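Numbering (our numbering), first residue to last: 4 to 414. C-beta: ideal position from N, C-alpha, C; glycine also. Owing to the predicted nature of the structure, the values given are computational and were not obtained by experimental measurement.
The structure is reproduced here in structure tokens:
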């Protein structure tokens, strides 16, 4: 390591700092909170935050891709507890916030927690207190599931809660509108609107970007109704266990595209949507970043013959059996309860029911996964700024299911 410094005091400080920062011809390493963080020179210069490289107000990159410099040389550098300053060989200077750098190498935990949903009051969900709302957002981030209790039995409650928790942004509109009613009808446009058993699935897997959070508010569940309990299972936990027990079948479900479809012309607004992708998505490190499972909305495979077809159906059946036998979370929703779950991670199901003379009525809506993650980050940051802890880093959000190759989502 080399430091091109100035006076003796600066050089003495530099010698001390060399213990926590070193660089070679291609990488620069700093020690932050007992963690060694290594960055390539190219990455550092590409992400220079100065006003010539990033627009001061929007934060958007100003440099053109053709201006990217590979393996730039460092002329001088200085590091403190809070900042890293680099002067490049072309005299351009980059100054980085050390906490920001640390957030780009998140200290990720890949633990999967049992589905034991935390419960929060409606008052806390609708509160202007950011900490109260953050607790709910964090609960969903941790296990993928939480429950809001004592909600008003009004049709607008589910979207009111969604918009409040989503930083007053809108809900995700789908072919079912901004919100929808889950209630048995004589001629349902969806199996969920019947009395039949509804097996484990994610909603709208046939969308290119399926909904992120799903909110279901129980408006009515008469005692006369038999069955109809709600069930939830963590698809990421299932997939991780599946990889350990059946590695070859796991690989098959990572490579053979399944067909997800919603083709329904006998409805007020006909729909014809198909999308093909493997059931399990992994990044270059093999980390699971997406699970797509929705048997009621699956169509024919493209590969209709040969070895891959047979391998797929063997793996498909094994995965279905594992889902069915995996530890689940289930209960009979009560009027006033509102469940929030990550549709990209937590599969949901419903036991068969007999309505008799009773009614079971849920009202639901969706929140886009990107907007949820944005709200979580913004709320964390606003609370951090108010307490003087802004930018200090947060627990990574893992198993989000949005297929982001980083597997963790911090900054």
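Where does residue i land, buried or exposed, given buried means 16+ other C-beta within 10 angstroms?
i	result
residue 351	buried
residue 408	exposed
residue 400	buried
residue 83	exposed
residue 76	exposed
residue 217	buried
residue 315	buried
residue 154	buried
residue 296	buried
residue 363	buried
residue 9	Because residue 9 sits at a pLDDT of 43, beneath the cut-off of 50, its placement in the model cannot be relied upon, and the point is left open.
residue 55	exposed
residue 80	buried
residue 67	exposed
residue 20	Because residue 20 sits at a pLDDT of 40, beneath the cut-off of 50, its placement in the model cannot be relied upon, and the following sentence gives the value as read from the coordinates. Flag for residue 20 reads buried.
Candidates the options: which alpha carbon is nearest residue i's?
i	options	result
residue 276	119, 125, 264 and 239	264
residue 384	404, 102 and 231	102
residue 404	343, 214, 270 and 100	214
residue 343	273, 200, 156 and 152	152
residue 375	175, 227 and 239	175
residue 298	195, 108, 244 and 337	195
residue 70	321, 61, 49 and 82	49
residue 74	30, 55 and 100	30
residue 78	262, 44 and 100	44
residue 156	391, 378, 406 and 365	365
residue 415	164, 266, 91 and 262	With the chain covering 4 to 414 only, the question about residue 415 has no answer from this structure.
residue 177	32, 272, 239 and 360	272
residue 172	288, 239, 284 and 373	373
residue 167	32, 130 and 201	130
residue 104	34, 281, 270 and 291	34
residue 141	358, 345 and 325	345
residue 291	66, 52, 406 and 61	406
residue 327	204, 62, 32 and 65	204
residue 212	321, 371 and 57	371
residue 329	359, 242, 61 and 358	242
residue 57	25, 270, 99 and 32	99
So residue i packs on residue j, CB below 8 Å; how close in whole Å?
i	j	result
residue 354	residue 234	7 Å
residue 331	residue 259	Wrong, their Cβ atoms sit about 27 Å apart, outside the cutoff.
residue 139	residue 128	6 Å
residue 378	residue 170	4 Å
residue 208	residue 300	6 Å
residue 402	residue 348	6 Å
residue 361	residue 228	4 Å
residue 257	residue 274	Incorrect: roughly 29 Å between the Cβ atoms, too far for contact.
residue 340	residue 150	6 Å
In whole angstroms, what separates the C-alpha of residue i from that of residue j?
i	j	result
residue 135	residue 121	13 Å
residue 293	residue 94	44 Å
residue 97	residue 304	52 Å
residue 206	residue 387	34 Å
residue 244	residue 143	21 Å
residue 124	residue 319	40 Å
residue 417	residue 279	Residue 417 lies beyond the residue range present for the chain, which begins at 4 and ends at 414; the question has no answer from this structure.
residue 108	residue 368	34 Å
residue 199	residue 231	9 Å
residue 240	residue 117	9 Å
residue 337	residue 389	37 Å
residue 42	residue 288	18 Å
residue 1	residue 37	With the chain covering 4 to 414 only, the question about residue 1 has no answer from this structure.
residue 146	residue 333	15 Å
residue 72	residue 238	42 Å
residue 202	residue 323	10 Å
residue 106	residue 88	17 Å
residue 210	residue 246	26 Å
residue 52	residue 59	9 Å
residue 39	residue 46	16 Å
residue 85	residue 63	23 Å
residue 226	residue 148	25 Å
residue 269	residue 335	32 Å
residue 317	residue 197	30 Å
residue 415	residue 65	Beyond the ends of the chain as shown, which are 4 and 414, falls residue 415; an answer cannot be given.
residue 283	residue 302	17 Å
residue 137	residue 61	25 Å
residue 165	residue 391	29 Å
residue 359	residue 255	44 Å
Using 6 Å as the cut-off, classify the Cβ of residue i as near or not near the heavy atoms of the ligand GTP, replying yes or no.
i	result
residue 140	This structure simply doesn't include the ligand GTP, nor any ligand for that matter.
For this session: Could you say if the stretch 177–187 and the stretch 307–323 meet the contact criterion of at least three C-beta pairs nearer than 8 Å?
Result: No: fewer than three Cβ pairs fall under 8 Å.
For this session: Answer yes if the stretch 366–383 comes into contact with the stretch 246–255, meaning at least three C-beta pairs across the two stretches below 8 Å, and no otherwise.
Result: No contact exists between the stretch 246–255 and the stretch 366–383.
For this session: Report yes or no: do three or more beta-carbon pairs, one from the stretch 158–165 and one from the stretch 211–226, lie closer than 8 Å?
Result: Yes: at least three Cβ pairs fall under 8 Å.
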